[in-house]
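Colleague: Before I ask anything, let me first share the structure, which is written out below as structure tokens.
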Amino acid sequence: MTYLGAGILVTLTAVAFIGPHALTFHYSEQDHGSILEAPTVRHWLGTARLGEDILAQTLHGLQKSLLIGVAAAILATGAAAVVGMLAGLARGAVDKTSMWAVDTLLVLPPILVIAVLSPLFVDRSWLFLILAIAAFQWMLPARMIRARTLTLRVSGFVRAADTMGASKWHVMRKHLLPNMIPLLSVDCALTVATAVLAEAGLSYFGFGVQPPDISLGTLIATGSASAVTYPWVFVAPAVTLVLTVLGVGFVGEGIRRSREAATL
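Quick note: to get our numbering, add 29 to the position in the sequence shown (first position is 1).
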């Protein structure tokens with residue numbers, strides 16, 4: 030499963046970032062003689078309502094969705110690691126405050142919060158979208174990391190470091206973090222899939238990537254209006270999104286199973 034997912038991801042990533050350089054048309058270029066044209070030799074996946082090449086648009090949209098998903102996942106995983114380890118190691122007020130923040134954010138509806146805040150960040154929607162997605166992806170992983178930290182903090186090597194007067198940051202960096210790598214790897218992979226889906230959903234409803242920029246979400250939103258009459262406009266970005274999420278999900282699930290097998 031891991032190899033299948035990795036194969037899908039490597040293929041999609043290579044095509045997304047290398048493919049556009051081999052195409053005749055730029056993603057924003059309009060071919061007014063081929064408006065809403067079905068797939069042909071000239072336009073392999075057809076054209077959109079203004080004559081844009083669907084293949085070029087899909088590859089550019091995939092680039093944007095992958096960049097947003099990976100960036101949001103890295104931020105969310107990093108925040109989860111710091112908060113979870115610090116809460117489990119420090120205990121007391123730090124632990125209570127951290128878990129209160131986690132519980133509070135879990136109650137808030139992400140779509141509604143982002144919808145309310147998005148008009149304030151229209152000019153920086155790309156960065157805002159990454160931060161917004163990451164802000165609602167770190168809580169559950171932080172709980173798992175905290176639970177793992179509570180187990181590790183009573184181990185011999187952590188107690189020895191405490192006895193020698195090591196700071197909490199030293200313990201976290203040198204002793205806890207290396208033991209968290211498998212858990213963080215799985216979490217980061219799965220968060221990429223969730224973040225890509227979140228970007229697509231937010232962009233579909235107009236709260237994510239803003240025109241004239243495009244992503245898989247904006248392409249699906251545009252294509253859904255003509256999915257029956259001009260299906261190629263909708264199918265290409267939709268299938269690409271499904272393959273991307275499946276690829277990332279397979280990698281995460283494969284890592285998780287390998288980790289479980291190693292502990293048996």
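C-beta: ideal position from N, C-alpha, C; glycine also.
Have a look at I83 and G36 and give me their C-alpha separation to the nearest angstrom.
Modeller: If you take the alpha carbons of I83 and G36, they lie about 24 Å apart.
Colleague: Using DSSP with H/G/I as helix, E/B as strand and the rest coil, what is T251?
Modeller: Looking at T251 - three-state DSSP - the assignment turns out to be helix.
Colleague: Is the CB-CB distance between V225 and G90 below 8 Å?
Modeller: For V225 and G90, no; Cβs fall outside 8 Å.
Colleague: Based on DSSP bridge pairs, tell me the residues matched to T76.
Modeller: DSSP lists D82 as partners of T76.
Colleague: On a Cα-Cα basis, can you pick out the residue from G252, D191, T180 and V112 that is closest to W167?
Modeller: For the residues G252, D191, T180 and V112, the minimum Cα distance to W167 belongs to V112.
Colleague: If we require 4 or more residues per run, which alpha helix (DSSP H) segments fall completely within the stretch 83-127?
Modeller: Runs of the alpha helix (DSSP H) inside the stretch 83-127: 83-119.
Colleague: Determine, using beta-carbon pairs with one atom in the stretch 225-242 and one in the stretch 173-189, whether at least three such pairs fall under 8 Å.
Modeller: Contact between the stretch 225-242 and the stretch 173-189 is absent, because fewer than three Cβ pairs lie under 8 Å.
Colleague: Looking only at its own chain, which residues have a Cβ that is under 7 Å from the Cβ of A164, when we skip the five neighbours before and after it?
Modeller: The answer is none, since no qualifying residue turns up.
Colleague: What are the boundary residues of the alpha helix (DSSP H) that H199 is part of?
Modeller: Here the alpha helix (DSSP H) through H199 covers K197 to V200.
Colleague: Measure the Cβ-Cβ separation of P266 and T40 and say whether it is below 8 Å.
Modeller: Cβ atoms of P266 and T40: not closer than 8 Å.
Colleague: Alpha helix (DSSP H) containing P139: first to last residue?
Modeller: Its alpha helix (DSSP H) spans residues P139 to L146.
Colleague: Sorted by chain position, which residues of the same chain lie with C-beta nearer than 8 Å to M114's C-beta, five sequence neighbours on each side aside?
Modeller: So the qualifying residues of the chain are I174, R175, T178, M201, L205, L206 and M209.
Colleague: Please list, in chain order, all residues of the same chain as V142 whose beta carbon is under 6 Å from its beta carbon, the five residues on each side excluded.
Modeller: Contacts found: none.
Colleague: With C-beta atoms as the reference, is I249 less than 8 Å away from Y259?
Modeller: No, the pair does not count as a contact, with Cβ atoms beyond the cut-off.
Colleague: Under the rule that 16 or more other beta-carbon atoms within 10 Å means buried, what is W129, buried or exposed?
Modeller: With fewer than 16 other Cβ atoms within 10 Å, it is exposed.
Colleague: Please state if the CB of A77 and the CB of H55 are separated by a distance shorter than 8 Å.
Modeller: Cβ atoms of H55 and A77: not closer than 8 Å.
Colleague: Starting from the C-beta of L33, find all residues in its chain whose C-beta is less than 6 Å away, skip the five residues before and the five after it, and write them out in chain order.
Modeller: Around L33: F279.
Colleague: Counting pairs of beta carbons, one from the stretch 271-286 and one from the stretch 211-227, are three or more of them closer than 8 Å?
Modeller: These segments touch.
Colleague: K294: buried (16+ other C-beta within 10 angstroms of its C-beta) or exposed?
Modeller: An answer regarding residue 294 cannot be provided, because it is not within the stretch 30 to 293 covered by the chain.
Colleague: Which value, in whole angstroms, describes the spacing of the CA atoms of I140 and G117?
Modeller: About 30 Å.
Colleague: Can you list, in chain order, the residues of its chain with a C-beta nearer than 8 Å to that of T192? Leave out the 5 residues immediately preceding and following it.
Modeller: Around T192: no qualifying Cβ.
Colleague: Check the C-beta distance from E228 over to G252 and give it rounded, since I have them as a contact under 8 Å.
Modeller: About 16 Å separates the two Cβ atoms, so there is no contact after all.
Colleague: Can you find the residues in the same chain that come closer than 6 Å, C-beta to C-beta, to A254, ignoring five residues on each side of it along the sequence?
Modeller: Same-chain partners within the cutoff: there are none.
Colleague: For L231 and V274, what's the separation of their Cα atoms in angstroms?
Modeller: Cα to Cα, L231 sits roughly 16 Å from V274.
Colleague: Could you give the residue range of the alpha helix (DSSP H) that holds L219?
Modeller: Segment L206 to Y233, the alpha helix (DSSP H) holding L219.
Colleague: Nearest to I47 by alpha carbon, out of E66, G62, Q92 and W73?
Modeller: The option with the nearest alpha carbon to I47 is Q92.
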